[in-house]
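Below is one structure; the comments refer to it alone.
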Amino acid sequence: MTDKTRPDCVSVLAVLRDVAARKPSFFFDKAGIVGAETPAPWVYLGPKFSRRGSPLVLAQNPGVPDRNTPLEADDPVYQAMARFRDAPLEKLAAAFAEANRVQKDAISSWFINDRFYEVAIKASGSSLDDIAILNVVPWRTRDNARPDANACKVGMLHLVAPLLEALEPRGIFALGGFSYDGIVLHCPEWEKRTCLLPRRGHGSGRDDLLRKARSFWEDLR
Numbered sequence: 003m004t005d006k007t008r009p010d011c012v013s014v015l016a017v018l019r020d021v022a023a024r025k026p027s028f029f030f031d032k033a034g035i036v037g038a039e040t041p042a043p044w045v046y047l048g049p050k051f052s053r054r055g056s057p058l059v060l061a062q063n064p065g066v067p068d069r070n071t072p073l074e075a076d077d078p079v080y081q082a083m084a085r086f087r088d089a090p091l092e093k094l095a096a097a098f099a100e101a102n103r104v105q106k107d108a109i110s111s112w113f114i115n116d117r118f119y120e121v122a123i124k125a126s127g128s129s130l131d132d133i134a135i136l137n138v139v140p141w142r143t144r145d146n147a148r149p150d151a152n153a154c155k156v157g158m159l160h161l162v163a164p165l166l167e168a169l170e171p172r173g174i175f176a177l178g179g180f181s182y183d184g185i186v187l188h189c190p191e192w193e194k195r196t197c198l199l200p201r202r203g204h205g206s207g208r209d210d211l212l213r214k215a216r217s218f219w220e221d222l223r
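Here it is, written out as structure tokens:
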């Protein structure tokens, strides 16, 4: 019997393989100032993620505009992404599982982990095992420049939208306006199931942000 709470991993793998094989120029306007250098983690899928029950955290990439180089802790992630991209079909699922494992180890080192992922996890009563994390743009931009409108559109239509269909999260926590606006513009059917966590809402405003996020999650049906 098929477990209807599990995401459609065949579709997930197909979407990710297609995106991983594309060149960065597919996302960025050649005439624009934004380019791409290092492939970035583009999805983390917790082993206990459930359709219509778990949250998806939607971020942009880069997450830290003033940091020009990847963290050393991210190196295994980039290597795992490359192995996934190059894996033969019969080893694709195993390569994806490895990528999830090394991403889980790296997430705790990410600068925005304690500010935003923690809010999403606490608000939904989840853990890293239960959630999915996705970047609108799956590439690290040159000099960590803000991705342009074309990159947002391509990322939403070719990465985010098909993964939302395959994963069917209960709700989305959008980290910042770039991610939230991407939902509004390109996946409007998900707007009412998306909570904006503004990037300025850390520090003294974290308690208010957590109350907002909890209220959003509890109101979802």
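Residue numbers (my numbering): 3 to 223.
Even glycine gets a Cβ: it sits at the ideal position worked out from N, Cα and C.
Just so we're clear, the structure is a prediction, and the values are computed from it rather than from any experiment.
From the options, residue whose alpha carbon lies closest to that of residue i
i, options, result
"residue 136", "148, 127, 157, 50", "157"
"residue 207", "144, 163, 121, 166", "121"
"residue 175", "198, 155, 190, 103", "198"
"residue 44", "109, 195, 127", "109"
"residue 151", "145, 144, 138, 142", "138"
"residue 155", "25, 30, 111", "30"
"residue 63", "181, 190, 195", "181"
"residue 171", "47, 25, 12", "47"
"residue 22", "210, 77, 60, 82", "82"
"residue 124", "24, 5, 27, 213", "213"
"residue 126", "196, 192, 25, 28", "196"
"residue 25", "87, 103, 105, 75", "87"
"residue 12", "222, 147, 141, 169", "169"
In DSSP terms, what residue i is bridged to
i, result
"residue 46", "135"
"residue 59", "135, 175"
"residue 196", "174"
Residue i, buried or exposed, once every other Cβ within 10 Å from all chains shown has been counted against 16
i, result
"residue 9", "buried"
"residue 7", "exposed"
"residue 217", "exposed"
"residue 210", "exposed"
"residue 96", "exposed"
Any C-beta of chain C under 8 Å from that of residue i
i, result
"residue 79", "In the structure shown, chain C does not exist; there is a single protein chain."
Simplified DSSP state of residue i, which is helix, strand or coil
i, result
"residue 29", "coil"
"residue 98", "helix"
"residue 241", "The shown model of the chain, from 3 to 223, leaves out residue 241, and the question about it has no answer."
"residue 87", "helix"
"residue 112", "coil"
"residue 184", "helix"
"residue 22", "helix"
"residue 127", "coil"
"residue 189", "coil"
Do the region 17–24 and the region 159–178 touch if we need at least three Cβ pairs shorter than 8 Å?
yes
Would you check if the region 124–142 and the region 44–62 touch, i.e. whether three or more CB-CB distances between them fall below 8 Å?
yes
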